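Asks: Quick mapping for you: the protein sequence lines, in order, are chains A and B. Residue numbers for the first sequence follow this note's numbering, beginning at 6 and rising by one. Residue numbers for the second sequence follow this note's numbering, beginning at 49 and rising by one. Right, I'll just put the structure down here and ask away after.
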Amino acid sequence: MPLLNDEIRQEVSKILADLPGPVRLVMFTQEFECEYCTETRQLVEEIAELSDRITAEIYDFQADRAKAEELGIDKIPAIAIIGAQDYGVRFYGIPSGYEFASFLHAIQSVAAGKPELSDATLRVVAGIQKPVHIQVFVTPTCPYCPQAVMLAHQLAIASPLIRADMVEAMEFPHLAVKYQVMGVPRTVINETVHIEGAAPESHVVVKLQEALKA
Amino acid sequence: MLDFKLTAPSPEARPSEEVYDLIILGGGPAGLTAAIYAGRARIRTLMVVGPLLGGQPANTDLVENFPGFPEGIDGPDLARRFVAQAERFGVHLIHDTVTGVDLSVRPFVVRTDTAIYRAHTLIIAMGAVPRRLGVPGEGRFFGRGVSTCATCDGFFYRDKRVIVVGGGDSAVIEGLYLTRFAREVILVHRRDQLRATQIHQERAFANPKMRFVWNSVVEEILGEKTVTGVRVRNLKTGETSVIETDGVFIYIGMEPQTELFRGQLELDEHGYIVTDRRQRTSVPGVYAAGDIQDPLYRQLVVAAGTGAVAAMEVEKYLEMYPQNHYER
């Protein structure tokens, strides 16, 4: 039983037509699959069928420990979206609901390898000297969340020092507790700086600079 | 049940210095309908979407009063159909936040968070946003215990107690939605009866998880690091009391997003943009459609209708004043 119905498959095929470069969807699950690991794996495989520029690679989080460490994967289900290089674009938890749109957008952006950000943002990002880790907590029913996720992933594409995760809060409730997530989207930068809601690009950049000073 | 929504955007090109015939501000039903009409009229149109492509329907469970869908339609699905139809007719969508406009120059200038655009005409369709309470603690806890989106944040209140403020359809429907997660939902309403549609009231009164606090207003949201309670005042007795809670969901209506236009366009006393029957504003070439100019109905089908009118008026306006009119 496919996850994506015919109508969605057709639309996705259109959206993913003419990808400017190859994309690898590197997915981590385990032998005894976690909640939504099965569906996430299936989703990745179904998407890969819709474009000949997309390949699915399925790894076992336990057995392929070295691969997980190489890509900085620390929980499952996880998807690393990798293009000409690994830009640090990650999805933790299944990208369903509204996050499916973020997922498709990330595939397109990684294939292009060019961030869609303003010149002002790119200038700030070019000056970054320290690693930055952006985590965007979401729920799949949150229509405002993709905006925050997409922006974080664009920042990751713009800089080799930035990595950005979508974290589906319902699948990682312990992280929701740890980061005091009571509303989504909530963006956490380098464990120290928080943004509530889908903030405009310029505001996120200010917060990014704040996190770098901390 | 997993679903997969395609509502969101595809990557778009960086803005150019091009002057558009029309910029539509806002990507809800009014703006998208305007875009469909403008696209079919071959008007070069840019849409600055704002925070939520598809607008309020994208945040609505089920739409039962839009003609053509006898069984009702899933709000996000309807929103997606609007977007697909607008894109089919060639509208260029930009996902950005409008930060300012200059209506005193021609072509008009629209500043967004990351770029500046110019156009000969504008349709303002930025809708309305949830009204806030304006009480102490609300701002501090917004997104951290205070919310206006139950479908977004309901999950975080599993087995907790939440307060819903309001008494209309949204308050009751979202309150009922929250009973899926919360152990108790207390609805605080300033009157002694609900304003919501009868069928929703019946469902609410029948739900064992729902409780009602009548004739009361929230005066403060309390807590140190997280929300722990609200202080309410009974309007009949004047007494204040504290209700312990883990979260507060506010559904006290919507208000138009018109701060950007204050001083440049005529607004009414509640902040709505004043329009005439042709959706014209006080500045020629600037039109408004949808909830931002509608204090009375605020219905999807009305918003769509005013969007269509605005686009047809733009077409006439552009015919009257050819594009090079301003370049002379």
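By construction, the Cβ of each residue, glycine as well, lies at the ideal position given by its N, Cα and C atoms. The structure displayed is predicted, hence computed values, not measured ones.
1) A/Thr43 to A/Phe96, Cα distance in whole Å?
2) Answer yes or no: do A/Ala174 and B/Phe189 have a C-beta to C-beta separation smaller than 8 Å?
3) Using Cβ-Cβ distances below 7 Å, what residues of the segment 84-107 of chain B are close to chain A?
4) Return the chain-ordered list of same chain residues with a C-beta closer than 8 Å to the C-beta of A/His208, the five sequence neighbours on each side being excluded.
5) Which ranges does the beta strand (DSSP E) cover as unbroken runs of at least 3 residues, wholly within the segment 221-272 of chain B, from first to last along the chain?
6) Would B/Asp125 pass as an interface residue toward chain A - the criterion being a Cβ-Cβ separation below 8 Å?
7) Name the two residues that bound the continuous alpha helix (DSSP H) containing B/Met368.
8) Give the interface partners of A/Gly118 over in chain B, defined as CB-CB distance under 7 Å, in chain order.
9) Are the CB atoms of B/Tyr68 and B/Tyr165 nearer to each other than 8 Å?
10) With a cut-off of 8 Å on the beta carbons, I'd call B/Thr160 and B/Asp144 a contact; round off their distance for me.
11) By a C-beta neighbour count over all protein chains shown, 10 Å radius and 16 as the cutoff for buried, is B/Asn107 buried or exposed?
12) Quick check: is the beta carbon of B/Asp51 nearer than 8 Å to any beta carbon in chain A?
13) Would you call A/Ile112 buried or exposed, if buried means 16 or more other Cβ atoms sit within 10 Å of its Cβ?
14) With a Cβ-Cβ cutoff of 8 Å, do B/Val290 and B/Leu315 count as a contact?
15) Using only the alpha-carbon positions, how far apart do B/Gln133 and B/Arg259 sit?
16) Determine, using beta-carbon pairs with one atom in the segment 208-217 of chain B and one in the segment 228-242 of chain B, whether at least three such pairs fall under 8 Å.
17) At the level of alpha carbons, what is the spacing between B/Thr288 and B/Ile300?
18) Tell me, to the nearest whole angstrom, how far the beta carbon of B/Val280 is from that of B/Val261; I am working on the premise that it is less than 8 Å.
19) First and last residue of the alpha helix (DSSP H) that includes B/Pro77?
20) For A/Pro122, which of A/Ala163, A/Lys183 and A/Cys150 has the nearest alpha-carbon?
21) Of all the CB atoms in chain A, is at least one closer than 8 Å to the CB of B/Pro57?
22) Taking only the alpha-carbon atoms, compute the straight-line gap between B/Ser330 and B/Thr169 and give it to the nearest angstrom.
Replies: For this structure:
1) What you label residue 43 of chain A is simply residue 38 of the first sequence in a count that begins at 1. What you label residue 96 of chain A is simply residue 91 of the first sequence in a count that begins at 1. Roughly 15 Å between the two C-alpha positions.
2) Taking the first sequence and counting its residues from 1, one reaches residue 174 of chain A at position 169. Taking the second sequence and counting its residues from 1, one reaches residue 189 of chain B at position 141. Going by C-beta atoms, A/Ala174 is not nearer than 8 Å to B/Phe189.
3) Pro99, Leu100, Ala106 and Asn107
4) Translated into the one-based positions of the first sequence, residue 208 of chain A becomes position 203. Excluding sequence neighbours, A/His208 sits near Ile200.
5) 232-236, 258-261 and 264-271
6) Working through the second sequence from its first residue, we reach residue 125 of chain B at position 77. No, B/Asp125 does not count as interfacial toward chain A.
7) On the second sequence, residue 368 of chain B is found 320 positions in, with the first residue counted as 1. Unbroken alpha helix (DSSP H) run through B/Met368: Leu348 to Met368.
8) The count along the first sequence starts at 1 and reaches residue 118 of chain A at position 113. Near A/Gly118 there are no residues of chain B at all, since even the closest Cβ is about 12 Å away, more than 7 Å.
9) Within the second sequence, the letter at position 20 stands for residue 68 of chain B. Within the second sequence, the letter at position 117 stands for residue 165 of chain B. It is a contact, given that the beta carbons lie within the stated cut-off.
10) To locate residue 160 of chain B, count along the second sequence from 1; it is residue 112. To locate residue 144 of chain B, count along the second sequence from 1; it is residue 96. So it is a contact: roughly 4 Å between Cβ atoms.
11) Taking the second sequence and counting its residues from 1, one reaches residue 107 of chain B at position 59. Result: buried.
12) As a first step, residue 51 of chain B is located in the second sequence; it is residue number 3 there, counting from the start. Yes, because at least one Cβ of chain A sits closer than 8 Å to the Cβ of B/Asp51.
13) Along the first sequence, one-based indexing puts residue 112 of chain A at 107. Label assigned to A/Ile112: buried.
14) By 1-based counting over the second sequence, the position of residue 290 of chain B is 242. By 1-based counting over the second sequence, the position of residue 315 of chain B is 267. Against a cut-off of 8 Å, the Cβ pair of B/Leu315 and B/Val290 comes out as no contact.
15) Here residue 133 of chain B refers to the residue found at position 85 of the second sequence. Here residue 259 of chain B refers to the residue found at position 211 of the second sequence. Those two C-alpha atoms are separated by around 43 Å.
16) yes
17) Reading the second sequence from its first residue, position 240 is the one you call residue 288 of chain B. Reading the second sequence from its first residue, position 252 is the one you call residue 300 of chain B. Each residue's alpha carbon lies about 20 Å from the other.
18) By 1-based counting over the second sequence, the position of residue 280 of chain B is 232. By 1-based counting over the second sequence, the position of residue 261 of chain B is 213. Correct: roughly 7 Å between the Cβ atoms.
19) For the purposes of this step, residue 77 of chain B is taken as the residue at position 29 of the second sequence. Counting along the chain, the alpha helix (DSSP H) containing B/Pro77 begins and ends at Pro77 to Arg88.
20) For the purposes of this step, residue 122 of chain A is taken as residue 117 along the first sequence, with counting starting at 1. According to the sequence shown, residue 122 of chain A is Leu rather than Pro. Minimum Cα distance to A/Leu122 is reached at A/Ala163.
21) By one-based count along the second sequence, residue 57 of chain B stands at place 9. Caution is warranted here: a pLDDT of 37 is assigned to B/Pro57, below 50, making its placement in the model unreliable, and the coordinate value is therefore given only provisionally. With 8 Å as the cut-off, B/Pro57 counts as an interface residue toward chain A.
22) Taking the second sequence and counting its residues from 1, the one referred to as residue 330 of chain B is at position 282. Taking the second sequence and counting its residues from 1, the one referred to as residue 169 of chain B is at position 121. Approximately 13 Å between the Cα atoms of the pair.
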